[in-house]
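Asks: Numbering (full-length UniProt numbering), first residue to last: 1 to 276.
#1: Relative to the C-alpha of residue 239, which residue among 102, 250, 201 is closest?
#2: Between the stretch 35 to 51 and the stretch 130 to 142, do three or more beta carbon pairs fall short of 8 Å?
#3: Drop a sphere of 10 angstroms on the beta-carbon of residue 7, count the other beta-carbons inside from all chains shown, and report buried for 16 or more, exposed for fewer.
#4: By Cβ distance below 7 Å, which residues in the same chain neighbour residue 18 in space, the five residues on each side in sequence not counted?
#5: Does the stretch 191 to 198 come close enough to the stretch 214 to 231 to have 3 or more Cβ pairs within less than 8 Å?
#6: Kindly list the residues whose CB is nearer than 8 Å to the CB of residue 77, restricted to its own chain and excluding five residues on each side of it in sequence; keep chain order.
#7: Helix, strand or coil for residue 65? Go by DSSP, reduced to three states.
#8: So what's residue 111 in DSSP terms, helix, strand or just coil?
#9: For residue 114, does the count of other Cβ atoms within 10 angstroms reach 16, so buried, or fall short, so exposed?
#10: Could you tell me the alpha carbon to alpha carbon distance between residue 51 and residue 65, rounded to whole angstroms?
#11: Is the distance from the Cβ of residue 81 to the Cβ of residue 28 below 8 Å?
#12: Just tell me which of 89, 100, 165, 152 has its CA closest to the CA of residue 124.
#13: If you follow the alpha helix (DSSP H) that residue 85 is in, where does it begin and where does it stop?
#14: So what does DSSP say about residue 211, is it helix, strand or coil?
#15: Considering only their Cβ atoms, is the gap separating residue 253 from residue 246 smaller than 8 Å?
#16: How would you call residue 87, buried or exposed, if buried means at least 16 neighbouring beta carbons within 10 angstroms?
#17: If you reduce the DSSP assignment to three classes, tell me which class residue 166 lands in.
#18: For the alpha helix (DSSP H) containing residue 6, name the first residue and the last one.
#19: Using a 10 Å radius around the Cβ and a threshold of 16 neighbouring Cβ atoms, would you call residue 160 buried or exposed?
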């Protein structure tokens with residue numbers, strides 16, 4: 001889990017990914033300590049789409065949003081944190097990796113207290129408003145500066161510094177986001193799609209064939225409409241009817257296969273009896 005603005009992150013080892021476990025983790029590790037977030041943005045896993053999760057959001061006034069299927073970039077900050085955390089776990093070595101839950105708190109501490117590339121600040125500083133004293137500070141004899149002003153003066157000074165840091169972090173995030181968008185747009189050269197056009201849908205869950213699997217659905221789909229203002233999300237439906245889906249442009253490929261004609265019923269001449 002990652003806070004969108006500060007990039008402060010949580011990771012909790014669990015025995016399963018049921019809705020009950022997910023809700024319990026969110027309550028005990030996020031809501032109880034940090035308060036109710038304005039929004040939960042998740043993938044479409046059944047634990048996040050459950051009635052129990054909906055009830056949690058309803059009780060605490062939380063807006064629930066979700067990513068587009070097969071488009072992990074829609075929750076890029078979490079995906080990036082997961083990749084960084086996995087790389088840190090791999091660095092433990094084979095003899096320690098089977099006991100990875102024991103090392104997870106220390107790795108998270110290191111992550112949350114390291115300057116983040118998208119904000120220019122450590123996630124813990126933006127979350128708590130101060131630099132947390134770390135074991136390395138104790139080892140190196142680094143002392144935190146002590147404020148000489150009274151409580152009211154300290155609050156004003158602290159508020160001014162934090163407001164400056166938040167403003168700077170927002171500017172830094174905007175620059176990083178704009179740079180990422182330019183790089184992403186360079187890779188996305190696909191033409192827009194119009195309602196009625198036939199497309200193939202990317203299929204990553206198909207079993208069998210392994211690496212020989214072409215990665216696309218067997219049946220063409222039809223574009224129903226463009227969703228939102230981004231111009232890259234479309235609502236599609238199987239050509240022969242079925243459940244509608246909302247997919248990113250990267251998960252769609254223009255279909256140029258000929259239409260399959262429906263079999264025509266032809267009367268058997270021998271069975272036709274003329275009557276006068």
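The beta-carbon is built from N, C-alpha and C at its ideal position, and this holds for glycine as well.
Replies: So, to answer that:
#1: As a first step, residue 239 must be located in the chain shown, where it is residue number 239. For residue 239, the nearest C-alpha among the options comes from 201.
#2: With the cut-off at 8 Å, the stretch 35 to 51 and the stretch 130 to 142 do not touch.
#3: Position 7 of the chain shown, counting from 1, holds the residue named residue 7. Flag for residue 7 reads buried.
#4: Taking the first residue of the chain shown as position 1, residue 18 is located at position 18. Only 47 meet the Cβ criterion.
#5: yes
#6: In the chain shown, residue 77 corresponds to position 77, counting from 1. Here residue 77 has 2, 4, 7, 118 as same chain residues with Cβ atoms under 8 Å from its own Cβ, once five neighbours each way along the sequence are excluded.
#7: Taking the chain shown and counting its residues from 1, the one referred to as residue 65 is at position 65. Here residue 65 sits in strand by DSSP.
#8: The residue given as residue 111 occupies position 111 in the chain shown. Note: residue 111 maps to helix in three-state DSSP.
#9: In the chain shown, the residue the question calls residue 114 occupies position 114. Exposed.
#10: What you label residue 51 is simply residue 51 of the chain shown in a count that begins at 1. What you label residue 65 is simply residue 65 of the chain shown in a count that begins at 1. Answer to the nearest angstrom: the Cα atoms are 14 Å apart.
#11: Position 81 of the chain shown, counted from the start, is the residue given in the question as residue 81. Position 28 of the chain shown, counted from the start, is the residue given in the question as residue 28. Cβ distance not < 8 Å, so residue 81 and residue 28 don't count as in contact.
#12: Taking the first residue of the chain shown as position 1, residue 124 is located at position 124. Residue 165 is the option with its Cα nearest to residue 124.
#13: Along the chain shown, one-based indexing puts residue 85 at 85. Unbroken alpha helix (DSSP H) run through residue 85: 76 to 90.
#14: Here residue 211 refers to the residue found at position 211 of the chain shown. Reliability fails at residue 211, whose pLDDT of 49 lies under 50, so the model's placement of it is uncertain and the value that follows must be treated cautiously. DSSP places residue 211 in helix when its eight states are reduced to three.
#15: Residue numbering aside, residue 246 sits at position 246 when the chain shown is read from its first letter. Residue numbering aside, residue 253 sits at position 253 when the chain shown is read from its first letter. Their beta carbons are not under 8 Å apart, which means residue 246 does not touch residue 253 by this criterion.
#16: By 1-based counting over the chain shown, the position of residue 87 is 87. Exposed: under 16 other Cβ atoms inside 10 Å.
#17: Start at 1 with the first residue of the chain shown, and residue 166 comes out as number 166. Looking at residue 166 - three-state DSSP - the assignment turns out to be helix.
#18: Sequence index remark: in the chain shown, residue 6 carries index 6 (1-based). Run containing residue 6: none; DSSP gives neither H nor E here.
#19: As a first step, residue 160 is located in the chain shown; it is residue number 160 there, counting from the start. By the 10 Å Cβ count, residue 160 comes out exposed.
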